[in-house]
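Chemist:
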Amino acid sequence: MSKEETSTLNPSSRQTVKFYQTGTFTVGNRLLDEEFRTVQATTERSNSLDSGHRACQGCGQALGARYALDAAMRATDNKIIAANATGCLEVFTTPYPETAWSIPWVHSLFGNVAAVASGIAAALKSKGDSTTRVIAQGGDGGTTDIGFGCLSGMFDRNDDVLYICYDNGGYMNTGVQRSSATPAAARTATTMPVGDNPGSSFNTGKYLPTIAMAHEIPYVATASVHDLHDLERKVEKAMTFRGARYIHINVPCPLGWGSQPAFTIKLSRMGVECGLVPLFEAENGQLTDSTKIRYRIPVEEYLKLQRRFAHVLKPHNTHQLDAIRAIAENNIKRFNLL
Amino acid sequence: MTVQHKPFAITLDVGSSHLNKTGSWRSMRPVYVDRLPPCNKTCPSGEDIQGWLSLAEEEDYEGAWRLLTRDNPFPAIMGRVCYHPCEGACNRGSLDLPVGINSVERFIGEQGLINNWQFEAAEDSGKKVMIIGAGPAGLSAAYHLRRFGHAVTIYEAAEKPGGMLRYGIPKYRLPREKLNAEIYRVENMGVEITLNHKIEDINTARKAGGFDAVLICVGAQKSNMLTFEGDADIPVLDALTVLRDTELEKPNQLIGRVVVYGGGNSAMDVARTAVRLGAQDVKVVSREDPDNMTAHKFEIIETMEEGSEVINLRTIKSVNGHEISLEIMKISEQHHSGQLRVVGTGEFETLEADVLVLAIGQNVDPVLFENSAAIELQEHTIKVDSIMQTTQDGIFAAGDAAPSQRSVTSALGHGKKSARAINAWLAGKVYQPAPQNEIASFDKMEPWYYSDAPRTVQPHLDAVRRKSGFAEVVGDLEPDHAKYEARRCMSCGNCFECDNCYGICPDNAIRKLGQGRGYEFKYDYCKGCGMCDTECPCGAINMIPEDI
Amino acid sequence: MLRQISGSIAVAEAIALCRPEVVPCYPITPQTHIVEHISTLVKSGQLKNCSYENVESEFASMSFCIGASAAGSRTYTATASQGLLFMMEAVYNASGLSLPIVMTLGNRSIGAPINIWNDHSDAMSVRDAGWIQLFVESNQQALDVHIQAFKLAEALSLPVMVNMDGFILTHAITRVDMPTQEQVDQFLPAFVARQKLDTDAPLSIGAMVGPDAFTEVRYLAHHKQKEALAVIEQQAAEFHEIFGRDSGGLIKSYFAEHSEIVFVAMGSVIGTMLELIEELRTEGHSVGILSLRSFRPFPANAICNALGNAKQAIIFEKSFAVGMGGVLASEIHMATAGNDLKISSVIGGLGGRTITKKSLGKIVECAMHGELDKEVFLDLEGTTVVKELRRQQEGQSSGPVAENILRDMGVVSASKTL
């Protein structure tokens, strides 16, 4: 990757951009140079995931997928093939006889998308096609649980695939069960808010971005649907690398979180602003940058808009609230978020 | 590879999901709305502040000037002397600090002067209007009436036009070349100003001049006075006279120890003038506590910066020789239950003074209406109805002479409103203000999207240099700063094409129509999630129930 | 060119002649030598334009194949036994998505008890998975059928599994006639995918299909397999013409049409049977063999015709459905329903137990005397089984069954157990 390419994409550059009303926080900004506007602001965007899909109202994953793939499409001059794990994204986009994808797309199984994508990459390699690029995508269950082996293998071989995990914190497609990405205390159908420690257990779960970093793959990033510029920049940056790359996108789920559909982006933003969802980047296993919290908010502001955490805010559960606050504090320190 | 060879049902052609019209899921429908920005709502002249700021931020200064002057003909003047209630209402104040609207207005005004942009009058309507008084209300009304095509003659008793702008506002706040230039521009539209001409009998003058309508803008010229116990041996002056005499360069009476009595802006003007004229010591005595003085905060601060002392919670009880006796006041603990807010303590202290200036308000001079019995006065002002018409048909009143906030800002708004009312009346109609949109309150916005952008501070003259003369205290914004400040506007309630709705719709149910043309909803696919409404930074989307 | 090499090497070289573009591999005995050798061919540059990848599991391996095939590449892998079970979900998926992947199954038993030796339990475990399943008798056939497998897979857009007996074929060094690259190129044209992930012509592959169309999807898959019956025969003939060898087809008959007693079997056991029946026929007995080369699609008509004159069919299988019996036997029952044919099911060679000519001879002898039971387990150690069953009836807590059996056989010392 050339220096020139990265300089305009550097996160610090967006903070120093001359003030243009909303700077680079809204989707578009008629006062900004084209290069600073998002892909989503243009009428030429690919709409990789198009209208007519059957995602719930206010689905964060539908949004995250279009954001990420459209950005990748722009970065590669529309040379993207996507493989998809079983899950909401697959089910709501391709129920026979209608597909909502406008890009070449394949769905095989729940736990194998990384390997399928690796296979596609291998096919392209053997054909000498270095311009077409491969993206694998799955939910958190398909990534951190059932698809973990294949993903780790893909990382190990450093296959030329960008893996995108849309993390909504559970198995939402099957009716909201706990995954290893379900946050502590969250209510799911298999971690009900009953007993002394209601909701999902503390001190459990896997945080895949750091596991990906441990594989020392070229690029790892976390993103959130509320900050489109940040998300697109990371996808575009990922496409400048060859080898295995991983982006973990936080996508609120109104159904699973018990939140208003209209609050999907708001919650995505609040999750980041309270410190529970760290946004950072890493190259070859080393943390290289983090996106700073703009206006820090208390975690309870974030929790109170989600029914899955309703029990946490009850007076007798202050120990849970305190523990969640500690998680946010730890993230802020660990990833240097302030 | 042909279509029929693809595996049945398992492999699908792109674009097929368009057949699934997910709009049928919807129970709420988003609609684009225009809400009234609080700045616009609060501006007495009803300036489309947001509109001209947005032109300014794109460096279309002439466009900004034209839009601004649609409502207010004096941007260079008002950019200096307006008390900018717009900034107090500005939603950006809930985020960091209000947009410096006033400073940008001044910048735009300067551009107008530099480039000598002029106004156009409308085609002659054949109607004639007489205006009494060439102060801010009269001049504003004259401007708006010319824009309607009516002939305007202003009769002004003083030797120069401008009224309180000239005789009440010191030069260090409003340099006279700016004042003259902007008044000249109004004259240049074909407004005839007859100076040194006091109207003694309104009806006679109306008939003699063949005027169809009359607008009285004589202001409140009569200072309120107090008499104190004791045998004072010092001059007791009124603020208005002091300021007028200063403008007319009459011999200075503010010599030695000057005490100004009053807590309003006029008191500050007098104190600051006294400092500039070389007074030895200047004290302002106010009945109120600092938080409740009627003068604007910045005026008080600048007054104190220049070395005047402000003494709060004191009332003058008596003046003997050079000694002024002050009663120490306190804020009543029972003032919420309807009692006086400030009450005496019965304790006294004294102050030595060589001059006492009273700055305790003005009223309309009733002498002016001795020959116009049909025009009723009420509580020291001219009685007007909702369209600013006096009790006599075809005679209107505006500015400080009519019930108002008694500021240049409100006078200008009165000028516009009365011009509209007269225009309607001349056509045999009754002026009906246009219905206002819902207010774009802060809670309808999502401020996260606005960049961190601290307010620009206008350059200020050093306090030491201020005392030595009447040079303007507050400076102009640099072009870059003006643009920056304009761009701090959040466009409350009105789409500024940030593309948020277009970008964040999970269903691609919004069509972008191109710059300046906004967006439209594709209701075939909109599921009604409401995310566009929540995430619209400026609150220009509303969710309404779907008819089911 | 004639060469003296192991079955695995023969297959690996044949695969290389087919110019595969993507080969993922995961080691499992007894197929490992095949992918090891392909690895060497790729790494040394002899096999060009081929992406060879060491993946982390069989599940990944088949998934890798799915991706590569969907992207339009000629794709190959090999597995066996537990490996096949581990990739099972992807095995079904590959056929469901109509992807022309070729896979070698080095046939091996399935545990527990873990056992690395040959039988057909693995192949039978995927009999309903929608793949074309071919069986070979010899290393020459293994070599030849792999070449045909690609052509077949690509013609039908269906995955093909070539079954070759583990160790017996994979590890056996025999003489094979290795074709030339020109011959293979003549027979097998470059792969043109029926559907492909292509940025110039985007498609969505792998839709969710509900009750409204699922039956039709399955019916069409069945229909396609039936169509394959003719294609297999046609391509075998084509192969014969180019290579001068008869090495394919749905079935292979050794005197079956003219014999009273016919063995029906699949794979390398045919070799032992041939030796036996040659002797028996010399002695004047009317005994033949029907070798099933294609198990899926199941060539019911060809079988029915081949057994048209037989009085007795002995269905020999190296696996069985526990609780039911011989799978092949029951399928042949169905195929020949209406024929006046006595069918016996013989299960043998499980977990690598040697199938001797002598034991098979006894089976034929019984059959000739009309004494062959409907279900026979070849060389079953009756005493061991009887003892274990008795122990179980006595309700003793007697430890693991396998250990008891071994103790009875004297392999494990009795003193080891209390």
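Protein chains in written order, with the working numbering: chain P, 25 to 362; chain L, 1218 to 1765; chain A, 29 to 446. Don't be surprised by glycine CBs; every beta carbon is placed ideally from N, CA and C. Nothing here was measured: the structure is a model prediction, and the numbers come from that model.
(1) Which complete alpha helix (DSSP H) runs does the stretch 1419-1465 of chain L hold, if anything under 4 residues is left out?
(2) What does residue 1642 of chain L touch in chain P if you count any residue whose Cβ is under 8 angstroms from its own?
(3) When DSSP labels each residue in this structure, what does residue 1334 of chain L get in the three-state scheme?
(4) Between the stretch 1726-1741 of chain L and the stretch 1227-1247 of chain L, are three or more C-beta pairs nearer than 8 angstroms?
(5) Contact criterion: CB-CB distance below 8 angstroms. Does residue 1218 of chain L meet it with respect to chain P?
(6) Quick one: list the residues of chain L neighbouring residue 448 of chain P, beta-carbon separation under 7 angstroms, in chain order.
(7) Just checking my contact of residue 1328 of chain L with residue 1360 of chain L at CB under 8 angstroms: how many whole Å lie between their CB atoms?
(8) So residue 104 of chain P contacts chain A; which residues on that side make the cut at Cβ distance below 8 angstroms?
(9) Can you give the Cα-Cα distance for residue 127 of chain P and residue 53 of chain P, rounded to whole angstroms?
(10) Please list, in chain order, the chain P residues whose beta carbon lies closer than 7 angstroms to that of residue 83 of chain A.
(11) How close, in whole Å, do the beta carbons of residue 1498 of chain L and residue 1474 of chain L come, if the pair is a contact with beta carbons under 8 angstroms?
(12) Got a sec? Which residues, its chain only, sit under 7 angstroms from residue 1364 of chain L by beta carbon, not counting five neighbours each side?
(13) In whole angstroms, what separates the C-alpha of residue 347 of chain P from that of residue 340 of chain P?
(14) Three-state secondary structure (DSSP) at residue 422 of chain A?
(15) So, with DSSP's three-state summary, where would you put residue 131 of chain P?
(16) Take every Cβ of the stretch 279-288 of chain A, pair it with every Cβ of the stretch 250-263 of chain A, and state whether three or more of those distances are shorter than 8 angstroms.
(17) Is it buried or exposed for residue 342 of chain P, if we count other Cβ within 10 angstroms and need 16 for buried?
(18) Using only alpha-carbon positions, find the residue among P:93, P:118, P:51 that is nearest to residue 1226 of chain L.
(19) Find the nearest neighbour of residue 132 of chain A within the set A:36, A:227, A:224, judged by alpha-carbon distance.
(20) How many whole angstroms separate the CB atoms of residue 107 of chain A and residue 123 of chain A, which I take to be in contact at a CB cut-off of 8 angstroms?
(21) How big is the Cα-Cα spacing for residue 168 of chain P and residue 261 of chain P?
(22) For residue 321 of chain P, would you say it is in contact with chain A, using Cβ-to-Cβ distances shorter than 8 angstroms as the test?
(23) For residue 167 of chain A, report the span of its alpha helix (DSSP H) as first-last.
(24) Report the partner residues of residue 187 of chain P according to the DSSP bridge assignment.
(25) So if DSSP puts residue 103 of chain A in a beta bridge, which residue, or which two residues, is it bridged to?
(26) May I ask which residues mark the beginning and end of the alpha helix (DSSP H) holding residue 1483 of chain L?
(27) If you measure from the beta carbon of residue 244 of chain A to each beta carbon in chain L, is any gap under 8 angstroms?
(28) How would you label residue 246 of chain A, buried or exposed, when you count the other beta carbons within 10 angstroms and need 16 or more for buried?
(29) Quick one: grab the DSSP three-state call for residue 1585 of chain L.
(30) Taking only beta-carbon atoms, is residue 129 of chain A less than 8 angstroms away from chain L?
(31) Which residue marks the beginning of the alpha helix (DSSP H) containing residue 1229 of chain L, and which one marks its end?
(32) Distance cutoff 8 angstroms, beta carbons only. Does residue 1651 of chain L sit that close to anything in chain A?
(33) Could you tell me the distance, in whole angstroms, from the CA atom of residue 323 of chain P to the CA atom of residue 1330 of chain L?
(34) Got a sec? Which residues, its chain only, sit under 7 angstroms from residue 74 of chain P by beta carbon, not counting five neighbours each side?
(35) Please report how far the alpha carbon of residue 356 of chain A lies from the alpha carbon of residue 102 of chain P, in whole angstroms.
(36) Considering only the beta carbon of each residue, do residue 209 of chain A and residue 75 of chain A sit closer than 8 angstroms?
Modeler: If we stick to the structure as given:
(1) Correct list: 1419-1426, 1456-1464.
(2) The premise fails here: residue 1642 of chain L is roughly 42 angstroms from chain P at the closest Cβ pair, so nothing lies under 8 angstroms.
(3) Residue 1334 of chain L: coil per DSSP, three-state reduction.
(4) Verdict: yes, contact present.
(5) At residue 1218 of chain L the pLDDT is 37, less than 50, meaning the model places this residue with poor confidence; the figure from the coordinates comes in the next sentence. Interface criterion not met: the Cβ of residue 1218 of chain L is under 8 angstroms from no Cβ in chain P.
(6) The structure shown does not extend to residue 448 of chain P, since chain P is modelled only from 25 through 362, so no value can be given for it.
(7) About 19 angstroms; that fails the 8 angstroms criterion.
(8) Residues of chain A whose Cβ lies closer than 8 angstroms to the Cβ of residue 104 of chain P are, in chain order, 227.
(9) So the two alpha carbons sit approximately 27 angstroms from each other.
(10) Neighbours of residue 83 of chain A on chain P, chain order: 139, 177.
(11) Contact holds; Cβ gap of about 5 angstroms.
(12) Cβ within range, chain order: 1338, 1339.
(13) Their Cα atoms are separated by approximately 13 angstroms.
(14) The answer is coil: DSSP assigns residue 422 of chain A none of H, G, I, E or B.
(15) Correct three-state label for residue 131 of chain P: strand.
(16) Segments in contact, no.
(17) An exposed status is given to residue 342 of chain P, since fewer than 16 other beta-carbon atoms sit within 10 Å of its beta-carbon.
(18) Minimum Cα distance to residue 1226 of chain L is reached at P:118.
(19) For residue 132 of chain A, the nearest C-alpha among the options comes from A:36.
(20) Under the criterion of beta carbons closer than 8 angstroms, residue 107 of chain A and residue 123 of chain A do not qualify as touching, at roughly 15 angstroms.
(21) Approximately 23 angstroms, taken between the alpha carbons.
(22) Closer than 8 angstroms: no.
(23) Counting along the chain, residue 167 of chain A sits inside the alpha helix (DSSP H) bounded by residues 167-184.
(24) For residue 187 of chain P, the pairing in a beta bridge is given by DSSP as P:160, P:270.
(25) Checking the DSSP bridge columns, you'll see residue 103 of chain A partnered with A:50.
(26) DSSP places residue 1483 of chain L in the uninterrupted alpha helix (DSSP H) bounded by 1482-1493.
(27) For residue 244 of chain A, the closest Cβ of chain L is nearer than 8 angstroms.
(28) Exposed, since its Cβ has fewer than 16 Cβ neighbours within 10 Å.
(29) Helix, per DSSP.
(30) It does not; no Cβ of chain L falls within 8 angstroms.
(31) DSSP places residue 1229 of chain L in no alpha helix (DSSP H) but in the uninterrupted beta strand (DSSP E) bounded by 1228-1230.
(32) No - not a single Cβ of chain A is within 8 angstroms of the one on residue 1651 of chain L.
(33) Across the structure, residue 323 of chain P and residue 1330 of chain L are spaced so that their CA atoms are roughly 54 angstroms apart.
(34) Within the same chain, Cβ atoms closer than 7 angstroms to the Cβ of residue 74 of chain P are found at 124, 126, the five residues on either side in sequence being excluded.
(35) Using only the alpha carbons, I get a separation of about 51 angstroms.
(36) For residue 209 of chain A and residue 75 of chain A, no; Cβs fall outside 8 angstroms.
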